[in-house]
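Sequential numbering from -4 applies to the sequence shown in our numbering. All C-beta atoms, glycine included, are put in the ideal place defined by N, C-alpha and C. From a predicted model like this one, the values you see are computed outputs, not experimental measurements. Working notes, beginning with the structure itself.
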Amino acid sequence: STSPSGVYLSAFYALEEAQALAVGDTNLLSRINDLRARFDLITSAIKYAGAESWKEARAAYAKLTELEPTNILYHYSLSLLLVQSADREAYQRHCEKVLERFSSTHDPMVAEQAAICCLMLPTPEANLKIISRLIEAALPLETNQMVNAWCQFTRGLAEYRQGHFASAVELMQKVLETREGPQAEANSVLAMSQRQGGNGIEALAALAKADSMIKRQPKFGWESSILPRALFDEAKSLVEHPATAPDLKRE
């Protein structure tokens, strides 16, 4: 079904189109048609993702990133979809585009979103240097407990990806103390950091907490379950089968 805002926008475009036709303004008519097409694409992307039609959703969000390359939210959604599809090569190519586009941003919100886009899966070391700069740019974003929890989580995940396990443990524990934001995700990263640091028993306990949280976590839209599940699967593989873990530089 169409949302109230969708009905309003459809009516607005129809009215504007009628006015443009009435005065013969072809430039305005062209802009209206472009806006309508983009609105239809956004609607389709949300609909496909909500219905778990992942292939179609991925194509729609990929098109949106081409139409609006500076909109970090579309890049974030596409990152999630690529993680969900387990297409690591496509995910890494997308991360390269995100880092190229946003590496010099001074917007804390954009910097944090760009960083998390490229930390969902193991990341090449060269990218981690750029991601670290993005996280520094995101530091002023820490304005309330929920936002602070996400910022600490992103920093901690970056520390883990760089092999700084003690620092990652400390940051994930701070996230868990807030009882806000990415709690399941934080437990999964905590488990990986503890296992890499040689604390297998504590890692198993954190992994069990992550599993319990994911099973009890209500689903708030299609985006809410992909990252928790991806990090849990990565942690489960590492904690239960450490011989298959990626070769991370140790402290």
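- The beta carbon of arginine 33 is closer than 7 Å to those of Leu62 in its chain, skipping five residues each way along the sequence.
- Between leucine 75 and isoleucine 209, the C-beta spacing is not below 8 Å.
- When the beta-carbon positions are compared, leucine 123 and alanine 153 come within less than 8 Å of each other.
- Membership of proline 177 in any alpha helix (DSSP H) is not indicated, and neither H nor E is assigned to it by DSSP.
- Here DSSP, grouped into helix, strand and coil, assigns leucine 94 to helix.
- In the three-state reduction of the DSSP assignment, proline 64 falls in the coil class, being assigned neither a helical nor a strand state.
- Sequence-distant Cβ neighbours of serine 80 in its own chain, meaning closer than 7 Å and more than five residues away, are Trp49, Arg53.
- In the DSSP assignment, aspartate 206 falls within the alpha helix (DSSP H) that extends over 195 to 211.
- When only Cα atoms are considered, cysteine 146 and glutamate 107 end up about 7 Å apart.
- Each of Gln212, Gly216, Gly193, Ser219 was checked against the Cα of leucine 233, and the nearest Cα belongs to Gly193.
- Residues of the same chain with a CB within less than 8 Å of the CB of valine 170, apart from the 5 flanking positions on each side, are Ala144, Gln147, Phe148, Gly151, Gly176, Pro177, Gln178, Ala181 in chain order.
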